[in-house]
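If you count by my numbering, then the sequence shown holds residues 1 to 206, one letter each, in order. The C-beta atom is built at its ideal place from N, Cα and C for all residues, glycine as well. To start, the structure under review is shown below, and the notes come after it.
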Amino acid sequence: MECPICGSDEIEILNSKQKPSKKKLIEEYLLKCEECGHVFKDIFSAKKPKPYRLIISEQDKSYKSSINLSPSDELKCGDVLLSDLGQVEVTGIEVKDKRVDKSIIEDIDTIWAISVEIPARIGFSVDLHGEVDSYKLDLDRDFEIAPGDVIKIDKHIVKVHVIKTQDRKLTSGFAKAGVIKRVYSKPVKFNNYDYDLTKDICKKSS
Ligand SMILES: [Zn+2]
């Protein structure tokens, strides 16, 4: 999506509405270019999602399931889908009794996948007056961290000051681990804490 006047792809969505249609998902957007200020309309349409056969392997078991996907999209091996068993990675695609690496979804008979509940990897800094203990943590993507949380991590009890996400810095509210880049914290002299992240540490550097 880019501005028809200046070609910038910094586009703000001012408004969107769905248009009623039986077979397609049609959305009309009112857009504004953040570069030159030009306001314009664009229409996106896609075939409505329908269920596809999905076989998920998890360790030595496999489960038959189905997943709703948009027929006009493309699927390839390695893609991650959100199934009713959580996140899965596509390992095989069957189209007319043949295994293929990628296909337009509407041609697909069966999708094979393996379960990969992928944790979010975030950075966690403890400010020790000039020195910093820095950790990498693997957390559930939905795990919520808020500025002000008192956390035990390794040998420290710390309070969260700032959370840097993909697009901003938070000093209030909360963020889910799935969008957090790094948490900045300082030690506090408390004996109690809200939760302990020590077991989630996968790497430490200082
Ligand atoms: Zn523009």
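Query                                                                                                                                     : Result
Using a threshold of 8 angstroms, state whether the C-beta atoms of isoleucine 145 and valine 183 are closer than that.                   : yes
Have a look at lysine 176 and isoleucine 151 and give me their C-alpha separation to the nearest angstrom.                                : 16 angstroms
Sort out for me which residues DSSP pairs arginine 53 with in a bridge.                                                                   : Ser66, Thr110
Any chance you could list the residues with Cβ under 5 angstroms from a heavy atom of ligand 1, keeping chain order?                      : Cys3, Ile5, Cys6, Ser8, Cys33, Glu35, Cys36, His38
What span of residues does the beta strand (DSSP E) with glycine 148 cover, start to end?                                                 : First-last for glycine 148: undefined, no H or E at that position.
Check the DSSP bridge columns for alanine 120 and list the partner residues they point to.                                                : Leu139
Any idea what DSSP makes of valine 188, helix, strand or coil?                                                                            : coil
Considering only C-alpha positions, which residue in the set Asn191, Glu2, Pro20 is nearest to glutamate 35?                              : Glu2
Taking the CB atoms as reference points, tell me whether isoleucine 157 and proline 187 lie closer together than 8 angstroms.             : yes
Hey, how far is the Cα of proline 71 from the Cα of glycine 130?                                                                          : 55 angstroms
Which of the three DSSP states is assigned to lysine 199 in this structure?                                                               : helix
Measure the C-alpha to C-alpha separation of leucine 170 and leucine 54 and round it to an integer number of angstroms.                   : 39 angstroms
Is it the case that the Cβ atoms of glutamate 58 and lysine 102 are separated by a distance below 8 angstroms?                            : no
Determine the DSSP secondary structure at isoleucine 105, reduced to helix, strand or coil.                                               : helix
Alpha carbons only, please: which of Ile114, Val162, Val126 is nearest the one belonging to lysine 61?                                    : Ile114
With three or more beta-carbon pairs closer than 8 angstroms as the criterion, would you say the region 83-97 touches the region 105-113? : yes
Can you tell me whether valine 116 is buried or exposed, with buried defined as 16 or more other CB within 10 angstroms of its CB?        : exposed
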